[in-house]
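To start, the structure itself, in structure tokens.
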Amino acid sequence: MELRLTKIYRHGDNNAMVHLSVEANYGWQGDMCKDIIQINYNGKKREAFIAVKLSNQGAGKIVERMIEVITGVDFTARSVKNPLRLILETLAEKMNLRYDPSEVEEALSVIV
Numbered sequence: 011m012e013l014r015l016t017k018i019y020r021h022g023d024n025n026a027m028v029h030l031s032v033e034a035n036y037g038w039q040g041d042m043c044k045d046i047i048q049i050n051y052n053g054k055k056r057e058a059f060i061a062v063k064l065s066n067q068g069a070g071k072i073v074e075r076m077i078e079v080i081t082g083v084d085f086t087a088r089s090v091k092n093p094l095r096l097i098l099e100t101l102a103e104k105m106n107l108r109y110d111p112s113e114v115e116e117a118l119s120v121i122v
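Numbering (my numbering), first residue to last: 11 to 122.
Have a look at this one:
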């Protein structure tokens with residue numbers, strides 16, 4: 011399984027929302043599948059949402075594991091200065107999510 015952050019951008023009032031698109035490539039013995047999993051983070055409410063169009067059976071298991079990993083960290087704690095960065099770093103550590111640090115830094119630099 012390979013996870014790669016393909017898109018990250020901010021939007022909404024005061025750029026409080028951040029949208030992440032994660033491409034998931036998975037499969038076995040040449041029978042490879044690809045799905046896009048979307049994570050939206052609301053900086054004002056400190057809430058994360060995952061959306062996926064289940065085109066292939068394996069996507070459900072990947073999303074299930076992502077939810078397990080994300081909810082395993084208390085990103086809503088007031089002591090966490092940048093919750094979205096914590097979510098990304100945790101996904102990178104636990105699920106080998108690959109991303110461009112400079113692209114992430116640019117998008118996260120203006121979150122309120």
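C-beta atoms are modelled at their ideal positions from N, C-alpha and C, and glycine is treated no differently.
Because the structure is a prediction, the values reported are computed rather than measured.
Assumed close pair residue i, residue j - CB separation to whole angstroms, cut-off 8 Å
i   : j    : result
I18 : A117 : 5 Å
I77 : I60  : 6 Å
Y36 : C43  : 6 Å
Chain-order list of residues whose beta-carbon lies under 8 Å from that of residue i (same chain, five-residue window excluded)
i    : result
R108 : E12, L13, R14, L15 and A102
7 Å CB neighbourhood of residue i in its chain, flanking five on each side removed
i   : result
H21 : M27 and H29
R75 : M105
Residue range of the alpha helix (DSSP H) that includes residue i
i    : result
R95  : P93 to M105
A69  : G68 to T81
V114 : P111 to L118
6 Å Cβ shell around residue i - same chain, five flanking residues per side excluded
i    : result
S65  : D45
I121 : Interpretation of I121 is limited by its pLDDT of 49, a score under 50 that renders its predicted location unreliable; the figure taken from the coordinates is listed afterwards. Closer than 6 Å at the Cβ level, and outside the excluded window around I121, lie G53.
I72  : A34
Opening and closing residue of the beta strand (DSSP E) in which residue i lies
i   : result
R13 : Looking at the sequence shown, residue 13 is not Arg but Leu. That run of the beta strand (DSSP E) goes E12 to H21.
Of the listed residues the options, nearest to residue i (C-alpha basis)
i   : options                 : result
L98 : A87, V32, D23 and M42   : V32
R88 : V73, T100, P111 and E57 : E57
I80 : D23, E113 and L94       : L94
D23 : Q39, K55 and Q67        : K55
V83 : Q39, V114 and T100      : T100
Beta bridge counterpart(s) of residue i as assigned by DSSP
i   : result
L30 : I18 and I49
G37 : M42
A61 : Q48
Residue-level contact to chain D via CB, residue i, 9 Å cutoff
i   : result
D84 : Among the chains in the structure shown there is no chain D, since it carries only a single protein chain.
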